[in-house]
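Right, dumping it as structure tokens:
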């Protein structure tokens with residue numbers, strides 16, 4: 005079975021603080037893909053990153069960074085120097101190699117960045 | 003990146019009527035499309051997998067007679083909510099898989115917010 009757990013339901017920070025969103029996954033597939041999406045109040049899903057299970061390199065994109073650790077089945081997302089515009093719901097998702105592109109989503113973490 | 007267009011973005015309908023939602027891949031061919039549903043403050047749950055030219059595969063607990071899916075071409079899948087009721091009010095979002103390049107990523111539409119009154 006495949007499962008994604010985002011234990012943090014809501015996080016509130018003050019602007020310029022760093023914040024880390026946790027994601028833990030379960031899968032029996034040896035090849036899989038992990039994703040992070042941002043969902044602002046308008047509802048659309050904004051793609052942030054896709055990571056192949058064989059690539060454990062951490063990635064940085066501007067203020068965003070991701071830490072992928074297969075040993076702990078985690079794919080955590082850090083926003084550095086958070087801004088009000090970062091306020092949204094963030095979803096971690098998993099797709100196994102044989103899932104044909106369908107995604108299993110975590111419960112989502114609602115991030116509120118206050119000025 | 004690949005573009006998926008979903009229409010309408012918002013719809014309000016009366017209880018008992020049917021609503022059709024379209025999902026189009028604009029710049030690639032999608033043999034597979036996925037339909038998700040998201041209730042307020044909840045996660046996205048897969049409803050069904052739509053395959054071009056064949057019947058859709060529904061997830062457990064999703065009524066196939068109520069959520070009719072048609073994937074008649076490589077660029078269009080439709081979801082029809084038959085005889086909608088207030089409990090069907092939700093955010094529906096589709097995604098399409100670009101198989102032209104062997105890519106496993108699926109791209110999402112903008113979503114449709116359905117309100118049944």
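Protein chains in written order, with our numbering: chain A, 5 to 119; chain B, 3 to 119.
Glycine included, every Cβ here is placed at the ideal spot set by N, Cα and C.
The structure displayed is predicted, hence computed values, not measured ones.
Original post:
If you drop the 5 nearest sequence neighbours on each side, which residues of the same chain put their C-beta closer than 7 angstroms to that of residue 6 of chain A?
Top reply: Taking the first chain and counting its residues from 1, one reaches residue 6 of chain A at position 2. Same-chain partners within the cutoff: 30, 31, 98, 100, 108.
Original post:
Are the segment 75 to 82 of chain B and the segment 22 to 33 of chain B touching, with three or more C-beta to C-beta distances below 8 angstroms?
Top reply: yes
**OP:** Would you kindly work out how many angstroms separate the C-alpha atoms of residue 114 of chain B and residue 7 of chain B, rounded to a whole number?
**Re:** Working through the second chain from its first residue, we reach residue 114 of chain B at position 112. Working through the second chain from its first residue, we reach residue 7 of chain B at position 5. When rounded, the distance between both Cα atoms is 11 angstroms.
Original post:
In the DSSP assignment, what are the bridge partners of residue 61 of chain A?
Top reply: For the purposes of this step, residue 61 of chain A is taken as residue 57 along the first chain, with counting starting at 1. According to DSSP, residue 61 of chain A bridges with nothing at all.
Original post:
Nearest-angstrom Cα distance between residue 71 of chain B and residue 84 of chain A?
Top reply: In the second chain, the residue the question calls residue 71 of chain B occupies position 69. In the first chain, the residue the question calls residue 84 of chain A occupies position 80. Near 42 angstroms, if we compare the C-alpha coordinates of residue 84 of chain A and residue 71 of chain B.
Subject >> Against chain A: residues of the segment 33 to 48 of chain B by CB proximity under 7 angstroms >> reply: 34, 36, 45, 46, 48
Original post:
What's the gap between the Cα of residue 38 of chain B and the Cα of residue 108 of chain B?
Top reply: The sequence position of residue 38 of chain B within the second chain is 36, counting from 1. The sequence position of residue 108 of chain B within the second chain is 106, counting from 1. Whole-angstrom Cα-Cα distance: 12 angstroms.
**OP:** Check the Cβ of residue 115 of chain B against every Cβ in chain A and list those closer than 9 angstroms, keeping chain order.
**Re:** In the second chain, the residue the question calls residue 115 of chain B occupies position 113. Result: 47.
Subject >> Proximity of residue 28 of chain A and residue 77 of chain A at Cβ, strictly below 7 angstroms >> reply: Indexing the first chain from 1 puts residue 28 of chain A at position 24. Indexing the first chain from 1 puts residue 77 of chain A at position 73. Against a cut-off of 7 angstroms, the Cβ pair of residue 77 of chain A and residue 28 of chain A comes out as a contact.
Original post:
According to the Cβ coordinates, are residue 116 of chain A and residue 46 of chain A closer than 7 angstroms?
Top reply: Along the first chain, read from residue 1 onward, the residue named residue 116 of chain A stands at position 112. Along the first chain, read from residue 1 onward, the residue named residue 46 of chain A stands at position 42. No, they are not a contact pair.
Original post:
According to DSSP, which residues form a beta bridge with residue 82 of chain A?
Top reply: Looking up residue 82 of chain A in the first chain gives position 78. DSSP output for residue 82 of chain A lists A/24, A/69 as bridge partner(s).
Original post:
How do the segment 89 to 98 of chain A and the segment 83 to 99 of chain B stand: do at least 3 beta-carbon pairs fall below 8 angstroms, yes or no?
Top reply: no
**OP:** Count the other C-beta atoms from every protein chain shown that fall within 10 angstroms of the C-beta of residue 83 of chain B, then say buried if there are 16 or more, exposed otherwise.
**Re:** In the second chain, counting from the first residue as 1, residue 83 of chain B sits at position 81. Result: buried.
**OP:** Closer than 6 angstroms by C-beta to residue 51 of chain B: which residues in its own chain qualify, once you throw out the five before and the five after it? Chain order, please.
**Re:** As a working mapping, residue 51 of chain B is identified with position 49 in the second chain. Excluding sequence neighbours, residue 51 of chain B sits near 36, 59.
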